[in-house]
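Peer 1:
Residue numbers (the numbering used here): 96 to 600.
1) For residue 589 versus residue 393, is the C-beta spacing smaller than 8 angstroms?
2) Could you give the residue range of the beta strand (DSSP E) that holds residue 432?
3) Compare the Cα-Cα distances from residue 529 to each of 137, 149, 139, 127 and report the closest residue.
4) DSSP state of residue 513, grouped into three classes?
5) Could you spell out where the alpha helix (DSSP H) holding residue 559 opens and where it closes?
6) Between which two residues does the alpha helix (DSSP H) harbouring residue 149 extend?
7) Between which two residues does the beta strand (DSSP E) harbouring residue 504 extend?
8) Let's see if you can read the secondary structure: which residues bound the alpha helix (DSSP H) around residue 542?
9) Flag this pair as yes or no: are the beta carbons of residue 173 and residue 423 separated by less than 8 angstroms?
10) Which of the three DSSP states, helix, strand or coil, is assigned to residue 498?
11) Can you list, in chain order, the residues of its chain whose CB lies under 6 angstroms from that of residue 485, leaving out five sequence neighbours each side?
12) Does residue 294 pass the burial test, meaning 16 or more other C-beta atoms within 10 Å, or should it be called exposed?
13) Measure the C-alpha to C-alpha separation of residue 138 and residue 556 and round it to an integer number of angstroms.
14) Find the nearest neighbour of residue 480 within the set 169, 102, 202, 433, judged by alpha-carbon distance.
15) When burial is assigned at 16 or more other CB atoms within 10 Å of the CB, is residue 461 buried or exposed?
16) Report the rounded CA-to-CA distance for residue 169 versus residue 200, giving the unit in angstroms.
17) Could you tell me the distance, in whole angstroms, from the CA atom of residue 583 to the CA atom of residue 544?
18) For residue 456, which beta-bridge partners are listed by DSSP?
19) What's the gap between the Cα of residue 427 and the Cα of residue 417?
20) Give the range of the beta strand (DSSP E) segment to which residue 491 is assigned.
21) Helix, strand or coil: how does DSSP classify residue 107 here?
22) Helix, strand or coil: which one does DSSP assign to residue 426?
23) Distance, Cα to Cα, residue 581 vs residue 573?
24) What is the DSSP secondary structure of residue 420, reduced to helix, strand or coil?
25) Please work out which residues of its chain come closer than 6 angstroms, Cβ to Cβ, to residue 548, disregarding the five sequence neighbours upstream and downstream, and give them in chain order.
26) By the three-class DSSP mapping on this structure, what secondary structure does residue 447 have?
27) Which first and last residues belong to the beta strand (DSSP E) in which residue 468 is found?
28) Roughly how many angstroms lie between the CA atoms of residue 561 and residue 579, to the nearest whole one?
29) When DSSP builds the beta bridges, which residues end up paired with residue 166?
30) Using a Cβ distance threshold of 8 angstroms, determine whether the segment 380-395 contacts the segment 484-499, with at least three qualifying pairs required.
31) For residue 403, which residues in the same chain have their Cβ closer than 8 angstroms to its Cβ, ignoring the five residues on either side in sequence?
32) With which residues is residue 589 paired in a DSSP beta bridge?
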């Protein structure tokens, strides 16, 4: 029996066993035996660890599909894509504004007409038209300059009355090139002279649309101006093409406003702020947008009550509100919050504001009749030229959390009905010692105090990431960014992203 066992060990394929059986030297055999025992112990220990870890993490995937007919209604936050009401911005003289932004966005129409020499362009257009119609040049100075403008009676007298030429040729000219349009029988020169008169009076109304209502990179300012003035004169048009057969005036104003804006920005900014890569030119509207957003963030941090007055107000933005067919109390049920990119935002059915009475808003059926129905007045005529889009941001979120319009927002364009349905998918991840190590509360007391001070009392992963970003920039760059919640009680300057292009790279 012993010899058979020895033969089995010598021919064994187990590592180390055959070596021990074939070694004749006793010291070497002892070393091999201890080595084999050591590795067996380590192997047993590793197996024990693996089994212990496996038993500590029960692999259970619980999927529960329910068809709940009644669910808590989520919080709804509404923001206008335009952060600042242009009329209030330009008429408010109590708040100090950035000189570049105020100079460009609050300029009078008379200033731009002088910068663009619009009177010369109009004279040139009329002279060309007269030459085409009659074959003769006309004396623009004597025959085409308006004499009087009477604002009170809204009658505009002009020397360019309809005479000239008789017979069929005059009728044909009037048919092809109508001098006057509408019930008031106004000419093109009358309209522009009226513009000069109205704008030189310097209206300070909070609803004054100002100069650059539609001015943007596309030069759409003149298009909006002509349509509004023509409609005021009871000349119903949808486009300036219906009034002007020549685009010279449009092109002239579009090309002349660019250098004027650039000259203001170059005069009021430092050379470092105009540094850019070779071959890359910054848009003046991008510069204006950055200046405006930086100023809004600074005002929102230091003077929140004052900056609130310049945005779209609750009573103006939300025209009507119904929940499950019942009228909402807009003043009491919508809570204000401020965002540097969107200005005033208003939230419905939230719990994070202690001044609002808690209510159980439940929804049992789909459709607008059983949910929240809002009618929004976006005041697009009061948009800043820096706003390249029109519409509203709608955010659906947990009632206990503040909305973040930069995340998971829905863009609602003006002039259309938009329906939004919600389906709740609840995923619960396990905390430590599981691999995700998820937490539903702040793990750092410093971040928790910071979040509570700026109104984010409920923990979310998104606000945690933004606070971490702000903390990193404060530590690395010694300044704070408007892309994340601003730090309270920290005397640091705001980061200038135009001076430091590599700040977020």
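By construction, the Cβ of each residue, glycine as well, lies at the ideal position given by its N, Cα and C atoms. Just so you know, these numbers come straight off a predicted model, no measurement behind them.
Peer 2: So, from the data block:
1) Locating residue 589 in the chain shown gives position 494, where the first residue counts as 1. Locating residue 393 in the chain shown gives position 298, where the first residue counts as 1. For residue 589 and residue 393, yes; Cβs fall inside 8 angstroms.
2) Reading the chain shown from its first residue, position 337 is the one you call residue 432. Taken as a continuous stretch (DSSP letters only), the beta strand (DSSP E) holding residue 432 covers 429-434.
3) For the purposes of this step, residue 529 is taken as residue 434 along the chain shown, with counting starting at 1. The candidate whose alpha carbon is nearest that of residue 529 is 149.
4) To locate residue 513, count along the chain shown from 1; it is residue 418. Reduced to three states, the DSSP call for residue 513 is coil.
5) Your numbering for residue 559 matches position 464 in the chain shown. Unbroken alpha helix (DSSP H) run through residue 559: 556-572.
6) For the purposes of this step, residue 149 is identified with residue 54 of the chain shown, where counting begins at 1. For residue 149, the enclosing alpha helix (DSSP H) has its first and last residue at 121-151.
7) Your numbering for residue 504 matches position 409 in the chain shown. 504-507 is the extent of the beta strand (DSSP E) around residue 504.
8) As a position in the chain shown, residue 542 is number 447, starting the count at 1. Looking at the DSSP string, the run of the alpha helix (DSSP H) that includes residue 542 is 540-548.
9) As a working note, residue 173 is residue 78 in the chain shown. As a working note, residue 423 is residue 328 in the chain shown. No, these two residues do not count as a Cβ contact at 8 angstroms.
10) What you label residue 498 is simply residue 403 of the chain shown in a count that begins at 1. Coil, per DSSP.
11) Here residue 485 is taken as the residue at index 390 of the chain shown, counted from 1. Result list for residue 485: 475, 509, in chain order.
12) Here residue 294 is taken as the residue at index 199 of the chain shown, counted from 1. Low local confidence applies: a pLDDT of 44 at residue 294 is under 50, so the model's placement there is unreliable, and no value is given.
13) What you label residue 138 is simply residue 43 of the chain shown in a count that begins at 1. What you label residue 556 is simply residue 461 of the chain shown in a count that begins at 1. Separation of residue 138 and residue 556 (C-alpha to C-alpha, rounded to the nearest whole angstrom) is 41 angstroms.
14) Your numbering for residue 480 matches position 385 in the chain shown. The shortest C-alpha separation from residue 480 is found at 202.
15) Within the chain shown, residue 461 is the residue found at index 366, counting from 1. Flag for residue 461 reads exposed.
16) Residue 169 sits at position 74 when you count from the first residue of the chain shown. Residue 200 sits at position 105 when you count from the first residue of the chain shown. Rounded to the nearest angstrom, the two C-alpha atoms are 38 angstroms apart.
17) Your numbering for residue 583 matches position 488 in the chain shown. Your numbering for residue 544 matches position 449 in the chain shown. Straight-line Cα distance between these residues: approximately 10 angstroms.
18) The residue given as residue 456 occupies position 361 in the chain shown. In DSSP, residue 456 forms no bridge with anything.
19) Locating residue 427 in the chain shown gives position 332, where the first residue counts as 1. Locating residue 417 in the chain shown gives position 322, where the first residue counts as 1. C-alpha separation (whole angstroms): 14 angstroms.
20) Indexing the chain shown from 1 puts residue 491 at position 396. 487-492 is the span of the beta strand (DSSP E), which, as asked, contains residue 491.
21) Start at 1 with the first residue of the chain shown, and residue 107 comes out as number 12. Of the three classes helix, strand and coil, the one that applies to residue 107 here is coil, per DSSP.
22) Along the chain shown, one-based indexing puts residue 426 at 331. Helix at residue 426.
23) For the purposes of this step, residue 581 is identified with residue 486 of the chain shown, where counting begins at 1. For the purposes of this step, residue 573 is identified with residue 478 of the chain shown, where counting begins at 1. Looking at the two C-alpha atoms, the distance is approximately 13 angstroms.
24) For the purposes of this step, residue 420 is taken as the residue at position 325 of the chain shown. Residue state, collapsed to three classes: coil.
25) For this step, residue 548 is matched to residue 453 along the chain shown. Around residue 548: 583.
26) Residue mapping note: residue 447 aligns to position 352 of the chain shown, counting from 1. DSSP places residue 447 in coil when its eight states are reduced to three.
27) Here residue 468 refers to the residue found at position 373 when the chain shown is read from its first residue. Run containing residue 468: 467-471, per the beta strand (DSSP E) assignment.
28) Within the chain shown, the letter at position 466 stands for residue 561. Within the chain shown, the letter at position 484 stands for residue 579. Distance between the alpha carbons of residue 561 and residue 579: 5 angstroms.
29) For the purposes of this step, residue 166 is taken as the residue at position 71 of the chain shown. DSSP, once it has assigned bridges, lists 458 as partnering residue 166.
30) no
31) Taking the first residue of the chain shown as 1, we reach residue 403 at position 308. If the five residues before and after residue 403 are omitted, its C-beta is found closer than 8 angstroms to the C-beta atoms of 431, 433, 439, all from its own chain and listed in chain order.
32) In the chain shown, the residue the question calls residue 589 occupies position 494. Answer is 575.
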